[in-house]
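Reading through the structure tokens given below for one structure.
Put into structure tokens, the structure is as follows:
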């Protein structure tokens, strides 16, 4: 079975970049704090190439991994760049990787992992440095509060504590607001951007009520940024 968020990303692949200014801003901020100019990079959840587009130095090897085929097809193709269409939690992935990469990076993707800790524990053994940006549980806070639904997104502080088991890292929690002209535009953004994960857990009537009564001109997002070196290195 294909996970719902993979279907959502694939379905909206060709309109994705137009709806992902925030994800691009997040990728820019994440890469701007990587000062080592690593030559070999592994990008988990590479999407349509937000990370690669932010890299301004020469690289010898860039491998992007994403589970949505249509997103992989949109990723920039150039010398020293490869893309694997694979779930980043798949056991099949490891056999396709180098022994180690100078940088392991992931932007706006690890919140989809079924077991983030197992993933980080495993990949901390395959990198010299890590950089991560993860949507956390204050994202769409008002929507979740109004709907009564529980968020699937991880808690920022709990996530930071987990990362500190495997990385000597520093982190920041940043909040973002995206403003819209009307409520319908907000909910279209949620669907097209893929941030919701493709879950449809509200009835039509509940969704209409939420669109009509949403009180803000903006959607709120919270992102945990982490940079560091693995403790195993």
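Residue numbers (the numbering used here): 109 to 341.
In this text, a Cβ means the ideal position worked out from N, Cα and C, and glycines have one as well.
Around the Cβ of residue i, are there at least 16 other Cβ atoms within 10 angstroms (buried) or fewer (exposed)?
i	result
residue 289	exposed
residue 195	buried
residue 179	buried
residue 278	exposed
residue 186	exposed
residue 139	buried
residue 237	buried
residue 326	exposed
To the nearest angstrom, how far is the alpha carbon of residue i from that of residue j?
i	j	result
residue 256	residue 318	11 Å
residue 200	residue 335	27 Å
residue 264	residue 209	26 Å
residue 276	residue 211	14 Å
residue 222	residue 215	16 Å
residue 320	residue 141	40 Å
residue 174	residue 151	9 Å
residue 346	residue 297	Examination of residue 346 is not possible in this model, given that the chain is present from 109 through 341 alone.
residue 165	residue 148	11 Å
residue 254	residue 283	20 Å
residue 157	residue 324	31 Å
residue 311	residue 258	15 Å
residue 291	residue 315	11 Å
residue 129	residue 269	29 Å
residue 240	residue 329	16 Å
residue 132	residue 184	15 Å
residue 137	residue 285	15 Å
Excluding sequence positions up to five away, which residues of its chain have a Cβ less than 8 Å from the Cβ of residue i?
i	result
residue 267	224, 242, 244 and 332
To which residues of the same chain is residue i closer than 6 Å at the C-beta, ignoring the five residues directly before and after it?
i	result
residue 228	274
residue 171	150 and 190
Please name the residue or residues paired with residue i in a DSSP beta bridge.
i	result
residue 214	240
residue 276	337
residue 148	169
residue 187	None; residue 187 has no bridge partner.
With DSSP collapsed to three states, give me the class of residue i.
i	result
residue 312	helix
residue 139	helix
residue 283	strand
residue 194	coil
residue 297	helix
If you drop the 5 nearest sequence neighbours on each side, which residues of the same chain put their C-beta closer than 7 Å to that of residue i?
i	result
residue 204	192
residue 163	139
residue 159	135, 139, 151, 213 and 215
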